[in-house]
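Notes follow the structure.
Protein chains: 2
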Amino acid sequence: MTAAEPRWRRLEPDARREQILACAVRLFGERPYSAVSTTDIAVEAGVARGLLNHYFGTKRDLYLEVVRQMVLLPEFDSAVAATGPLRARVEASVDWFLGTVSAHGKTFVAVTGAEGVGTDPEIEQILAAADDFAARKVLETVGPPADPHDPGHRAVVRAYGGLVKAAVREWARDETLTRDQVHLLLSRALITIVRDVLPGVAAKGDT
Amino acid sequence: MTAAEPRWRRLEPDARREQILACAVRLFGERPYSAVSTTDIAVEAGVARGLLNHYFGTKRDLYLEVVRQMVLLPEFDSAVAATGPLRARVEASVDWFLGTVSAHGKTFVAVTGAEGVGTDPEIEQILAAADDFAARKVLETVGPPADPHDPGHRAVVRAYGGLVKAAVREWARDETLTRDQVHLLLSRALITIVRDVLPGVAAKGDT
DNA sequence: CACCCTTGTTGACTGCCTGCCAATAAAGTG
DNA sequence: CACTTTATTGGCAGGCAGTCAACAAGGGTG
């Protein structure tokens, strides 16, 4: 007889955690929440179902972790030229953004897609934090008169984020717009916002 | 003894269906899908749980019906003046829209809110249909050069719908923008889109 | 090399939830 | 008042999620 092979292998907690999370990300990305059972995830990861609870607590907790994982945008290279006229800065910003999105397009679309009714405070908080982070980045990249510290400016650009997501969906998922058309739409819109809208919502006197 | 009171009352199928649906709408509006059990809905409606399946089939079917119900926008009064210069038409359009939304703001926000990960084809289809309907209405109201029959125009305005939803959320839910600020943002953006973007995405030669 | 100790992992138990279906009774009809 | 129709109920069967005590993989120690 050869050496008795162990029935299962022991992994470092971090490694096991990450492995399970990867499987969960894949499954939750394909099917809606209630159509994915913890048994499915456990089978996919090749572990006992109870192990999921051991590492993540409840199924919902695992789901929240998945959302956090998927919302995590690839590192923002600040390699965007923040100089030149407004139009150039905006174009560069939009261009760079579309580039990063096209690389992770599928995941991005899955995350930002609307699931429908069902107000889930925790999920909304995670997405809101991601949106605000993106808004700050945009304001930073575009430069003056855009001000990352102005709450009004951030709110407007968060709303602009809604336009960005919807436009990217039209392009990357539905293919009803070309990349150039999306670029045109987002650039013009952002230019208009920076020039005509932001000055009107600046919190000048701390009102 | 007074007349023996029946243990339960018989309702017309339509009436019962609507009553159950109303309860489902309320509960699904408060909590996420998996946190609402069919038992909860049945108790709320004062009926046996099996009746839900009788009228709606599965729990998911009932949920889809709820989404359809909530997506249903109040009747589009075409009482918007579709005359005058572009700016006036756009302003009137946005104004009217914000009015109707403010009336049903809470529901509107709940429906259009993103739930997070979980691609559900059926839900997305329902929301997509509603978005496209709204896009046609906007293109119609704004008038030339906007063309409700142009697929490219509709795609751009569907994307614009993303901006509208996000902006309304900032205003009606988070109160980070005032109504006037939202009005400014949506008007300027729509004007820019009609003037600078739509001409660039027109399906001229059926390419 | 044998033993032990830590702890990553398992498997069963329990309670809840969903979909199904035959039995039941409310209300109309002759 | 009997009879029919059918809206409604209640219980059954299968599946899923959370808990926990027991097990074994792998490294450390003498």
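Chains A and B are the protein sequences, given in the same order. Heads up, the first sequence stops at 207 in my numbering, and the numbers go up one at a time, no gaps. Heads up, the second sequence stops at 1207 in my numbering, and the numbers go up one at a time, no gaps. Idealized CB from N, CA, C, for every residue including glycine. Computed from a predicted model, the values in this text were never measured in an experiment.
### Query
Which of the three DSSP states, helix, strand or coil, is assigned to E1122(B)?
Residue state, collapsed to three classes: helix.
### Query
So, is the C-beta of A166(A) closer than 8 Å to a C-beta in chain B?
yes
### DSSP-derived helix/strand/coil call for L221(A)
One cannot answer for residue 221(A) here, as it falls past the ends of chain A, which runs 1 to 207.
### Message
Restricting to runs no shorter than 4 residues, where is the alpha helix (DSSP H) found entirely within the region 27 to 62 of chain A?
### Response
The DSSP assignment places 38 to 45 and 49 to 56 as complete runs of the alpha helix (DSSP H) inside the region 27 to 62 of chain A, in order along the chain (cut-off: 4 residues).
### Query
Taking Cβ positions only, does L177(A) come closer than 8 Å to chain B?
Answer yes: the Cβ-Cβ gap between L177(A) and chain B drops below 8 Å somewhere.
### Task
Report all residues from its chain with a CB closer than 7 Å to the CB of R49(A); omit the five preceding and five following residues, and keep chain order.
Contacts found: T38, T39 and A42.
### Min CB distance A172(A) to chain B below 8 Å
no
### Message
Using only the alpha-carbon positions, how far apart do T1141(B) and A1189(B) sit?
### Response
16 Å
### Query
What residue does the alpha helix (DSSP H) around T192(A) start on, and which one ends it?
R179 to T192
### Query
Out of L198(A), P199(A) and R179(A), which has the shortest C-alpha to C-alpha gap to W96(A)?
For the residues L198(A), P199(A) and R179(A), the minimum Cα distance to W96(A) belongs to R179(A).
### Message
Could you tell me the alpha carbon to alpha carbon distance between D14(A) and V71(A), rounded to whole angstroms?
### Response
20 Å
### Query
Given a threshold of 16 other Cβ atoms within 10 Å of its Cβ, counted over all protein chains shown, does P1032(B) qualify as buried or as exposed?
buried
### Query
How about R1016(B): is its C-beta nearer than 8 Å to some C-beta of chain A?
By this cut-off, R1016(B) is not an interface position.
### Task
Can you say whether Q1181(B) is buried or exposed, counting buried as having 16 or more other CB atoms within 10 angstroms of its CB?
Buried: at least 16 other Cβ atoms inside 10 Å.
### Query
Do we get a CB-CB distance below 8 Å when we pair G1057(B) with the residues of chain A?
no
### Query
Quick one: what's got a C-beta closer than 8 Å to V1194(B)'s C-beta in the same chain, skipping five residues either side?
L1086, V1090, V1142, P1145 and A1146
### Query
In its own chain, which residues sit with a C-beta less than 8 Å from the C-beta of V1197(B), not counting the 5 before and 5 after it?
V1156
#### Entry: CB contact below 8 Å: P13(A) versus chain B
no
### Query
Taking the C-alpha atoms as reference points, what is the distance between N1053(B) and K1059(B)?
7 Å
### Query
For G161(A) versus A135(A), is the C-beta distance shorter than 8 Å?
Result yes, Cβ atoms of G161(A) and A135(A) sit closer than 8 Å.
### Query
Going along chain A, which residues have a C-beta under 9 Å from Q1181(B)?
Within chain A, the residues whose beta carbon sits less than 9 Å from that of Q1181(B) are G152, A155, V156, V197, G200 and V201, listed in sequence order.
#### Entry: DSSP-derived helix/strand/coil call for T141(A)
helix
### Query
Is the shortest distance between the beta-carbon of P32(A) and the beta-carbons of chain B less than 8 Å?
So, interface residue.
#### Entry: DSSP-derived helix/strand/coil call for R7(A)
coil
### Message
Could you tell me the alpha carbon to alpha carbon distance between E1065(B) and A1088(B), rounded to whole angstroms?
### Response
38 Å
### Task
Reducing DSSP to helix, strand and coil, say where P1148(B) ends up.
Secondary structure at P1148(B): coil, using DSSP grouped into helix, strand and coil.
### Simplified DSSP assignment, three categories, for G1084(B)
If DSSP states are grouped into helix, strand and coil, G1084(B) belongs with coil.
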